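S.K.:
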Amino acid sequence: MASKGKVILYLMRHGQTILNRAKRTQGWCDGVLTEDGIKAAKDVGNKIKNLKFKAAYSSDLGRAIKTCEIILKENKESSNLKVKELEGLREVYFGKYEGEFESILFKDILEYLKVRSFKEAEEKYDFQKKFCDCCAILDETKEAEDYDTVIKRVMKTLEHICLENANEKDENVLVVIHGGIIRLIIDYLDKSFNVREMENLSISKVIYEEGNFHVECINKNCCNSDFDRENH
Numbered sequence: 019m020a021s022k023g024k025v026i027l028y029l030m031r032h033g034q035t036i037l038n039r040a041k042r043t044q045g046w047c048d049g050v051l052t053e054d055g056i057k058a059a060k061d062v063g064n065k066i067k068n069l070k071f072k073a074a075y076s077s078d079l080g081r082a083i084k085t086c087e088i089i090l091k092e093n094k095e096s097s098n099l100k101v102k103e104l105e106g107l108r109e110v111y112f113g114k115y116e117g118e119f120e121s122i123l124f125k126d127i128l129e130y131l132k133v134r135s136f137k138e139a140e141e142k143y144d145f146q147k148k149f150c151d152c153c154a155i156l157d158e159t160k161e162a163e164d165y166d167t168v169i170k171r172v173m174k175t176l177e178h179i180c181l182e183n184a185n186e187k188d189e190n191v192l193v194v195i196h197g198g199i200i201r202l203i204i205d206y207l208d209k210s211f212n213v214r215e216m217e218n219l220s221i222s223k224v225i226y227e228e229g230n231f232h233v234e235c236i237n238k239n240c241c242n243s244d245f246d247r248e249n250h
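Per our numbering, residue 19 is the first one in the sequence shown, and the count goes up by one each step.
1) Please classify tyrosine 206: does DSSP put it in a helix, a strand, or coil?
2) Can you check whether the CB of asparagine 190 is closer than 8 Å to the CB of tyrosine 75?
3) Look at leucine 227 and lysine 84 and say whether their C-beta atoms are less than 8 Å apart.
4) Over the uninterrupted alpha helix (DSSP H) stretch that includes isoleucine 36, give me the two end residues.
5) Using CA coordinates, which residue listed in Lys142, Ile122, Ser121 is at the minimum distance from leucine 131?
6) Who are the near neighbours of glycine 198 in its chain, counting only those whose CB is closer than 6 Å to its CB and skipping five residues on each side?
7) Measuring CB to CB, does asparagine 237 end up less than 8 Å from alanine 58?
8) Between glutamate 234 and alanine 184, what straight-line distance do the alpha-carbon atoms span, to the nearest angstrom?
9) I need the straight-line Cα distance from leucine 37 to threonine 159, nearest angstrom please.
10) Based on Cα-Cα distance, which residue from Gln44, Arg81, Gly45, Lys65 lies nearest to valine 194?
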């Protein structure tokens, strides 16, 4: 039996939304893309128009779907692809903090952890995991997702995507999702990366080969020359 090639996942964060701009927590609640977000998505799509994708996926939230559609429309090598929307790729569900100002969520978490800054929290805790679990603990509605729930659903979904697209040759797959989820994925796979920030429309590349995931790079702005050199 011939060995399978690599599946190269291009994990892209969606474009800027009205809730991003207002600095409000956005998990399963869903802000529409701003005009700047739409324009930037078109620019990114044009920049990677020659990068051929075998398939394209997004979460089933509107901001990710819209971004993925824009990217594909600008991509002359993959414009015939249809976006496959998957619930398993959703952002973390933040429960009572959905739509709340980020500053309030951050303040509550820092107070709960008894630290004065995120830097201090990162030094004391497995912070990506702790942040997610704190949201669940602090949510009296008991609806917010804890870390184990989130990481199980998203990694199961990514593995399904990779198995669906594994071939004898290397294949590129576009996956448009969310900043929080990308941070959790990267941290879960390789803690050597600093994953505090994920810019809108940035790309993180994860390689799937012979049943294993490997993080190649994170938070890359594909409108700069560094990304260009890596992909040509």
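Ideal Cβ positions, reconstructed from N, Cα and C, are used throughout, including at glycine.
All values reported here derive from a predicted model rather than from experimental measurement.
M.R.: In this structure, then:
1) helix
2) Cβ atoms of tyrosine 75 and asparagine 190: not closer than 8 Å.
3) Per the sequence presented here, residue 227 reads as glutamate, with leucine not at that position. No, these two residues do not count as a Cβ contact at 8 Å.
4) 36-39
5) When only C-alpha atoms are compared, the closest one is Lys142.
6) Glu109, Val110.
7) No, these two residues do not count as a Cβ contact at 8 Å.
8) 18 Å
9) 22 Å
10) Minimum Cα distance to valine 194 is reached at Arg81.
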